[in-house]
Amino acid sequence: GAVVSQHPSWVICKSGTSVKIECRSLDFQATTMFWYRQFPKQSLMLMATSNEGSKATYEQGVEKDKFLINHASLTLSTLTVTSAHPEDSSFYICSAHSSGQGLDYGYTFGSGTRLTVV
Amino acid sequence: EDQVTQSPEALRLQEGESSSLNCSYTVSGLRGLFWYRQDPGKGPEFLFTLYSAGEEKEKERLKATLTKKESFLHITAPKPEDSATYLCAVRGSNSGYALNFGKGTSLLVTP
């Protein structure tokens with residue numbers, strides 16, 4: 001089945017530094033990638049949607065200059081948290097969606113990245 | 119705006135004690151209702167997609183049903199390994215391919 005590999009699974013960084021999270025679709029081409037943030041005992045909140053080769057579309061309230069998304073290929077999307085602060089500590093999850101020829105192949109989620117900013 | 123409300127927030131069952139989880143939704147043009155299982159510190163794992171009222175899908179001890187306003191995830195004779203958070207999400211006609219998630223139901227099954 002479809003697999004999405006997300007790395008790193010956890011990261012601790014100092015306040016003010018930047019962190020990059022990678023999301024790769026291993027055996028399929030992801031038409032669209034989604035990035036979510038999840039706080040403890042809360043639901044997944046959509047941060048942004050990106051299509052290969054296009055600029056990401058950010059949800060209201062998400063700072064695009066702080067959360068940089070690059071979707072350079074159909075199998076790789078990255079989320080960079082710039083100048084991270086403790087309030088950015090959260091669980092970040094990517095999701096890849098594949099569609100084509102009028103078919104919807106559904107969504108596959110990565111295993112998530114636990115970011116802790118100290 | 120699409121909305122998804124799940125209940126209960128938490129549920130504790132004894133092994134073998136069947137129950138149902140509820141997902142109420144409002145959406146402009148349902149393009150799919152999704153159920154996922156999420157274990158602590160992991161990403162969501164796909165369970166079912168339902169597209170139209172009256173549709174039902176089954177997988178082992180789980181059965182998902184859909185009406186025009188809500189979906190149920192029925193768990194028959196649960197086992198401790200069914201303990202997880204169960205998430206419901208909808209995709210509406212106005213949201214492109216993005217999913218709108220509920221807060222989930224945390225299920226604990228005790229031996």
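Chains F and R supply the protein sequences, listed in that same order.
Quick note: the first sequence, position 91, residue 91 per the numbering used here, numbers continuous.
Quick note: the second sequence, position 109, residue 227 per the numbering used here, numbers continuous.
For each residue, glycine too, the CB sits at the ideal point set by N, CA and C.
Owing to the predicted nature of the structure, the values given are computational and were not obtained by experimental measurement.
Along chain F, which residues have their Cβ under 7 Å away from the Cβ of residue i?
i: Phe219/R; result: Ser43 and Leu44
Can residue i and residue j be called in contact, C-beta distance under 8 Å?
i: Ala202/R; j: Gln156/R; result: yes
i: Arg179/R; j: Thr167/R; result: no
i: Val19/F; j: Cys94/F; result: no
i: Ser98/F; j: Gln29/F; result: yes
i: Lys67/F; j: Met45/F; result: Contrary to the premise, residue 67/F reads as Phe rather than Lys in this sequence. No. Outside cutoff.
i: Val117/F; j: His85/F; result: yes
i: Pro8/F; j: Thr113/F; result: yes
i: Leu184/R; j: Leu139/R; result: no
i: Gly210/R; j: Phe109/F; result: no
Less than 8 Å between CB atoms is the rule here; does residue i satisfy it with respect to chain F?
i: Ala216/R; result: yes
i: Gly210/R; result: no
i: Gly147/R; result: no
i: Gly222/R; result: yes
Quick one: is residue i buried, meaning 16 or more other Cβ sit within 10 Å of its Cβ, or exposed?
i: Ile12/F; result: exposed
i: Leu226/R; result: exposed
i: Gln38/F; result: buried
i: Gln132/R; result: exposed
i: Ser136/R; result: exposed
Interface residues of chain R around residue i at Cβ under 9 Å?
i: Ser111/F; result: Gly159, Lys160 and Gly161
i: Thr32/F; result: Gly214, Tyr215 and Ala216
List, in order along the chain, the chain F residues whose C-beta lies closer than 8 Å to that of residue i?
i: Thr167/R; result: Gly106
i: Leu205/R; result: Ser43 and Leu44
Residue i touches chain R at which residues, Cβ-Cβ below 8 Å?
i: Thr49/F; result: Gly214, Tyr215 and Ala216
i: Phe39/F; result: Here the premise fails: no neighbours, minimum Cβ distance about 11 Å.
Near residue i, what residues of its chain come up, given a Cβ to Cβ distance below 6 Å and the 5 sequence neighbours on each side ignored?
i: Ser54/F; result: none
i: Thr127/F; result: The structure shown has nothing for residue 127/F, since chain F only spans 1 to 118.
i: Asn212/R; result: Ser146
i: Glu173/R; result: Leu184
So with CB distances below 7 Å, who are the chain R contacts of residue i?
i: Thr82/F; result: Simply none; closest approach about 23 Å.
Would you verify that the beta carbon of residue i is, or is not, closer than 8 Å to some beta carbon of chain R?
i: Arg24/F; result: no
i: His71/F; result: no
i: His7/F; result: no
i: His97/F; result: yes
i: Ile93/F; result: yes
Excluding the 5 residues flanking residue i on each side, which residues of the same chain have their C-beta closer than 7 Å to its C-beta?
i: Val122/R; result: Cys141, Tyr143, Cys206, Ala207, Val208, Asn218, Phe219 and Gly220
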